[in-house]
Amino acid sequence: MIVAIIDGYTDEPAGLGVPPYIGLYPRYAYGAIKKARKDANVFYLTIDDLRATFEGEQGIRTKNKTPNFPNVKKILEKAEVIVFIGGLHTPGKYLSAVPGSVEEVSKFISQYRAVKILGGPAFMGSAKMGGIKITTKELRFAEEVFDHIVYGDLEAFLFDYFSGRDLDPFRFRDYEELQPYALLGAEVVKQFPGYPEFVLVEIETQRGCPKAMGIGGCSFCTEPVRYKVVENRPQEYVAQEVETFYNMGIRHFRIGRQSCIFSYKARPNGRVPIPKPEEVEKLFKAVRLAAPNVKTLHVDNANPAVIANYPEESRRIAKAIIEYGTPGNVVAFGLETADPKVARINNLNATPEETYEAVKIINEVGGRRGYNGLPWLLPGINIIFGLPGETKRTYELTYEFLKKILDDGLMVRRINIRQVVVFPGTPLWNMRDKVKTEKHKALIEHYRHKIRHEIDLPMLKRVVPVGTILRDVRAEIYDGELTFGRQFGSYPLIVGIPKRVELDKYYDVMIVDHGLRSVTGIPIPIEINRESSKVLKWLPGIGKKTLIKILAKRPFKSEQEFLSLLPENAREMYRGKVKL
1 MIVAIIDGYT
11 DEPAGLGVPP
21 YIGLYPRYAY
31 GAIKKARKDA
41 NVFYLTIDDL
51 RATFEGEQGI
61 RTKNKTPNFP
71 NVKKILEKAE
81 VIVFIGGLHT
91 PGKYLSAVPG
101 SVEEVSKFIS
111 QYRAVKILGG
121 PAFMGSAKMG
131 GIKITTKELR
141 FAEEVFDHIV
151 YGDLEAFLFD
161 YFSGRDLDPF
171 RFRDYEELQP
181 YALLGAEVVK
191 QFPGYPEFVL
201 VEIETQRGCP
211 KAMGIGGCSF
221 CTEPVRYKVV
231 ENRPQEYVAQ
241 EVETFYNMGI
251 RHFRIGRQSC
261 IFSYKARPNG
271 RVPIPKPEEV
281 EKLFKAVRLA
291 APNVKTLHVD
301 NANPAVIANY
311 PEESRRIAKA
321 IIEYGTPGNV
331 VAFGLETADP
341 KVARINNLNA
351 TPEETYEAVK
361 IINEVGGRRG
371 YNGLPWLLPG
381 INIIFGLPGE
391 TKRTYELTYE
401 FLKKILDDGL
411 MVRRINIRQV
421 VVFPGTPLWN
431 MRDKVKTEKH
441 KALIEHYRHK
451 IRHEIDLPML
461 KRVVPVGTIL
471 RDVRAEIYDG
481 ELTFGRQFGS
491 YPLIVGIPKR
501 VELDKYYDVM
511 IVDHGLRSVT
521 GIPIPIEINR
531 ESSKVLKWLP
541 GIGKKTLIKI
551 LAKRPFKSEQ
561 EFLSLLPENA
571 REMYRGKVKL
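Take the sequence shown: its letters are residues 1 to 580, numbered as in UniProt numbering.
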């Protein structure tokens, strides 16, 4: 039996599956099929494979020089079952992968005779499809093309389907049922583009929203809609899955798939769960024992209200994340707005005061710089524009809040600004006529621009000042004569290199300039006798006159000869970073 899993990539409030991340859905699906049918021959394809095959586009595999499947059409022709996984609920900007929609995949697979199954969050629609328009567009494509639409857990449905059991598209599994699927499904990573070196595996630790169990979820969030209760995955299950991947050569992990890592196994307590630092410590200790020489060990979301209301417990948790993790780590705070009225209407997580206090605490514990050039642990802040109840003052309050963080000398790794998307089943669906994305379009663009220029830029200069060395930046794609790369991690900083360097190699890069959300860097050691003037002109502390002297004096016979041409205040920056 041949089965084709097509990964259209997913991005949700508590989960990411866009390369270099391999998401949970294709792994669990693969494992469930293998558990039910050992004889199944399961092929993992990406939406990029289909684009390359049917439209001749260069896909993620070809960009990364990983062999593409030359027989995609043959696989789809022979497949008895085609499983498509997709859905964007919290879309971002992706460096080298473009997620696919139900509409897009439909035109590729509709002609094949296979039984077609839709899984992942796509059944609720995708942000790029407009959210409110889901019922008339995305859902129509799903119903026309797919024989089965799975509303519960895809892996539970697939196990039942391939085992010949009664089918319930709304069935959910528990963690005991999941574990064999997760361990068997790890094998699919061998078919993932970039395996084994250029893969980041997200590991599930919890699902459902602890805060939602007390007072309900945020108006826009799909997490409590899909998962009605909070489940915490046992530490030993997490460690077993990490060890399985580690033994396959994977070295980059995110202990994620949760709404708040500080609420792992927390005690319910209305709006703000009571954290249990001993449980989080046990989790990360077990993970690190399973993966002793890990290169990346990061986390994802955190509720700032938990950190602010339980500062000592949260400091202990943050210290455990740092002790067992790796630098460059980020905990994303869902503030969404600094307007108390909007927060009440939309039942949001935390107040501005709580979020500010949480930012301070994480800075105190995690603000020192780590060995990869970034601070060990910083907060990120999520902002959503267009929520019901917004006025012009709402945007001013949010800007003032972010400006206070900047003015007070604190650091945030990134500020994520999104326009709200309305999904069926969420509380916001019943308030969709009050959504302000169209009415406030000009305001949204004005304040997005204002935050990017007046807060993001100076903040980035604080987090990675000129002269900072970022270690192990993977060169990922070309854009004209530029190369763009990033480190592995939860929210990696995009680095533009002002020349073409070999892709899929790691470079240590000196930061020489800042954009609004990215930086410019030059690989070190700098080959001072060979480097072009187009690259050398980026070197900080070196003006046009000094650059002319450098070019005229080449080739240098020693580092000191080069340093002697530089202004005194720039010499230390380049000492030990030059190659003749």
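Just so it is clear, CB atoms sit at the ideal spot from N, CA and C, and this is done for glycine as well. All values reported here derive from a predicted model rather than from experimental measurement.
Of G480, F385, R452 and Y491, the smallest CA-CA separation from H440 is found for F385. Inclusion of M510 and I469 in the CB contact set at 7 Å is warranted, their separation being smaller than that value. A Cβ-Cβ separation of about 6 Å places K276 in contact with A266 under the 8 Å criterion.
Of D11, A156 and K93, the smallest CA-CA separation from G31 is found for A156. Within a 10 Å sphere around the beta-carbon of I203 sit 16 or more other beta-carbons, which makes this residue buried. Burial of Y28 is indicated by the presence of at least 16 other C-beta atoms within 10 angstroms of its C-beta. The three-state reading of DSSP puts N430 in helix, counting H, G and I together. In this chain, the beta strand (DSSP E) harbouring H298 covers T296 to H298. Per DSSP, reduced to three states, the secondary structure at K228 is coil, with no helix or strand assignment. Between E481 and S96, the C-beta gap is not smaller than 7 Å, which leaves the two residues out of contact. A check of alpha carbon separations from D339 across E231, S106 and G389 identifies G389 as the nearest.
The C-beta distance from I322 to V280 rounds to 12 Å, too long to meet the 8 Å contact threshold. For A4, the uninterrupted beta strand (DSSP E) run begins and ends at I2 to E12, by DSSP. Per the DSSP secondary-structure output, S558 pairs with nothing in a beta bridge. In this structure, I381 sits away from V331, with a CB-CB distance that is not shorter than 7 Å. Under the criterion of beta carbons closer than 8 Å, N301 and I261 qualify as touching, at roughly 7 Å. Looking at R575, A570 and N529, the one whose alpha-carbon comes closest to that of K553 is N529. Only buried fits L335, as 16 or more other CB atoms lie within 10 angstroms of its CB. In this chain, the alpha helix (DSSP H) harbouring G366 covers P352 to G366. Inclusion of Q258 and T205 in the CB contact set at 7 Å is warranted, their separation being smaller than that value. From the listed residues D153, Y237 and I417, the smallest Cα separation to A290 is found for Y237. The Cβ atoms of A4 and I85 lie no closer than 7 Å to each other. The closest CA to that of Q487, considering only V105, Y371 and K403, is found on Y371. When DSSP assignments are scanned along the stretch 191-249, the uninterrupted stretches of alpha helix (DSSP H) that are 4 or more residues long and fall wholly within it turn out to be 210-215, 223-226 and 235-247.
T398 and P379 have their C-alpha atoms spaced approximately 16 Å apart. Looking at the backbone, the Cα of R254 and that of V242 are separated by about 10 Å.
Taking 7 Å as the cut-off, the beta carbon of Y506 is found closer than this to the beta carbon of R474.
I497 is not a Cβ neighbour of V512, given a cutoff of 7 Å. Here M124 carries a helix assignment [DSSP, helix/strand/coil].
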